[in-house]
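Student:
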Amino acid sequence: MFSEEIQPYPKWRPQQSIRAVAIGIAVAEDKLLVMPVYDDQNMLKGWRPPGGGIEFGETANEALVREFYEEFGLVVSTNGDPQFLENIYEHEGHAGHEIVIAYRLQITPELASVTALMEGGSQYEIDWQPMSEILISGMLFPVGLANVINEGKLG
């Protein structure tokens, strides 16, 4: 569980354009590394693997490595071929559209021991949650990722 000092993310809205994102799927001891997704009332809406936007001129793999380093100070590497998902969703009445490129991450001792981490004074919540519970909860984003993981399509 997260400590009370961690503040939920500020309110956010989806971009009004298609966004390309890379996410890292980390599994260790039957747990999945995820970040919470909150609604505007700071209620837990679901979980999403960490990652972020792909910048112009960089590959999805490069973006994932950069995001983990920028947000968490962690050096990560991927394992296997990525899986692609198209995520059209609604958040607080606003439509979002993402092309999601999901990579399995190689587990290192540093990655296996992460919890809440800091970036520039902001604290991100990140935690290992029981994979079986997350996969059947219907609360794993993007939609369709649970099937990709269950079917063993990642690395």
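Numbered per the numbering used here, the sequence shown spans residues 5 to 159. Even for Gly, the Cβ is constructed at its ideal location relative to N, Cα and C. Since the model is a prediction, treat every value here as computed from it, not as a measurement.
From the DSSP secondary-structure annotation, give me the bridge partner or partners of residue 40.
Tutor: Looking at the DSSP assignment, residue 40 forms a beta bridge with 51.
Student: Apart from the five residues on each side of it in sequence, which residues of its chain come closer than 8 Å, Cβ to Cβ, to residue 21?
Tutor: So the qualifying residues of the chain are 101.
Student: Any chance the region 132-140 sits against the region 61-71, with 3 or more Cβ pairs inside 8 Å?
Tutor: The region 132-140, when compared against the region 61-71, does not touch it at the 8 Å Cβ threshold.
Student: So for residue 105, helix, strand or coil by DSSP?
Tutor: Strand, per DSSP.
Student: By the 10 Å Cβ neighbour count, where 16 or more other Cβ atoms means buried, how is residue 71 classified, buried or exposed?
Tutor: By the 10 Å Cβ count, residue 71 comes out buried.
Student: Can you give me the C-alpha to C-alpha distance between residue 142 and residue 38, rounded to a whole angstrom?
Tutor: Whole-angstrom Cα-Cα distance: 14 Å.
Student: Are the Cβ atoms of residue 158 and residue 84 separated by less than 9 Å?
Tutor: A contact, by the Cβ cut-off of 9 Å.
Student: From which residue to which residue does the alpha helix (DSSP H) around residue 74 run?
Tutor: It spans 64-76 - the alpha helix (DSSP H) in which residue 74 sits, taken as one unbroken run.
Student: With residue 25 as the anchor, note down where its alpha helix (DSSP H) starts and where it stops.
Tutor: That residue, residue 25, is in no alpha helix (DSSP H); its beta strand (DSSP E) goes 22-29.
Student: Do residue 91 and residue 54 have their CB atoms nearer than 9 Å?
Tutor: Contact: no.
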